[in-house]
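Residue numbers (the numbering used here): 6 to 296.
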Amino acid sequence: MHNTSMNLPEHLAVRLRALAEQSGSSEEEVIRELVEQRLADLATTQPSEAPVPGRFVGVGVGPGPADLVTFKAVHALRRADRVVAPCTSVEAIGRAEAIVREAAPDVVVERMVFVMVVEHEVRAAALREVCERIVAYLAAGDEVAFITLGDPNLYSTVSSVVAGILARRPGTITATVPGIAAFQALAMEADVVLTDEQQSLLLLPASVAPEVIDEALADRTRTVVLYKGGGRIAAIADHLEAADRLGPAMLGELIGMPGQRVTPVADVRDRPASYLSAVISPAPEGIGPTP
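The structure is reproduced here in structure tokens:
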């Protein structure tokens, strides 16, 4: 057996010898396997396509943890000529940008301000400015990637941006890259099965009319997910209790971010939660056959 660890710093040499002993292989064989694995990893993280001039791509970066960003999303970000992100101020790092900074630190992100206020016209004016800036980039031949929390086709600003772009630049090529949704990450963290083969799932914003929530919860073979209910937790808990579904219901907020909380709704019904929150009420009935 040849000894190659002498050419390494001591801390690496010790780890290499330990790996070789554990695997029953030579140090050269261990090194070769590690190099092959590294090359394979690089092959999956480097973009293989060229940007498409004038294409707009909505890219989902998941709910928060950088390790939930897909390879395809990272490819799209590295391929694009420009990567833009929503924010509330150009001086503030938005949550989507924070995820990208960790998942793909080499990607440069340009911030675009979205106004989150009740006044419709103020929000619309900010959206128009964003769309006009993006259209200018597209007209100049850039491929633009727009990052968003979760999935671009699920409660995302991407749909509004696409509509604004197409109104100003008909025929623009648009695409989306899916991302893991917050309720999926919450199901993982809370160890909740969303549906089995006999159940259905309904996703609603917590701001819908109370009777809509009650009707959804009345179907006991249906899992109900409520989004953006941070300021309505007490009312949501009342709905769940009236439907005899409070006990198993789980709240998740800021998944994978500082301040994450995953807890039964019953334990926090008297406390406010973040805007970035989700509630899962698992279907009480319809469990499939036991193997």
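Here a beta-carbon is modelled for each residue, glycine too, at the ideal position from N, C-alpha and C. Nothing here was measured: the structure is a model prediction, and the numbers come from that model.
- For Y142, the enclosing alpha helix (DSSP H) begins and ends at 125 to 144.
- Assigned with DSSP and collapsed to three states, S282 falls in strand.
- In the structure shown, I152 falls within a strand segment according to DSSP collapsed to helix, strand and coil.
- Where I170 is concerned, the enclosing alpha helix (DSSP H) starts and stops at 163 to 173.
- DSSP, read as helix, strand or coil, puts L208 in strand.
- Across the set I104, A239, L13, A288, the C-alpha of A288 shows the shortest separation from the C-alpha of A221.
- The stretch 162 to 180 makes contact with the stretch 133 to 143: 3 or more CB pairs, one atom from each, lie closer than 8 Å.
- At the C-beta level, V217 and A254 stay beyond 8 Å of one another.
- Straight through space, the alpha carbons of V105 and E15 are spaced by roughly 35 Å.
- At a Cβ-Cβ threshold of 8 Å, R116 and V95 count as neighbours.
- Between the stretch 183 to 202 and the stretch 62 to 77, the count of C-beta pairs closer than 8 Å reaches three or more; the two stretches touch.
- Membership of I241 in the alpha helix (DSSP H) is indicated by the continuous run 238 to 247.
- The closest CA to that of I170, considering only D272, F61, P277, is found on F61.
- Here L21 is near V35, since their CB atoms are less than 8 Å apart.
- Considering only T177, A109, R37, P91, the residue with the shortest C-alpha distance to A81 is A109.
- Burial state of V213 is exposed, judged by a 10 Å Cβ sphere holding fewer than 16 other Cβ atoms.
- The DSSP-derived three-state label of V19 is helix.
- In this structure, E148 lies near R84, with their beta-carbon atoms less than 8 Å apart.
- Here R225 carries a coil assignment [DSSP, helix/strand/coil].
- E290 places its beta carbon less than 8 Å from that of T226.
- Per the coordinates, the alpha-carbon of R173 lies some 34 Å from the alpha-carbon of L207.
- Distances from the CA of R250 to each of A130, G69, S286, E54 were compared; the closest alpha carbon is that of S286.
- Of the residues A141, V64, T177, the one whose Cα lies closest to the Cα of V57 is T177.
- Between L256 and the set F119, L191, V198, A248, the nearest pair of CA atoms involves L191.
- Note that the C-beta distance between A145 and V114 is not below 8 Å.
- By the criterion of a C-beta distance shorter than 7 Å, I260 is surrounded in its chain by P68, G69, A187, A190, L191, E194, once the five residues flanking it on both sides are discounted.
- As the crow flies, the alpha-carbon of L159 is around 41 Å from that of E38.
- Bridge pairing for P68: absent [DSSP].
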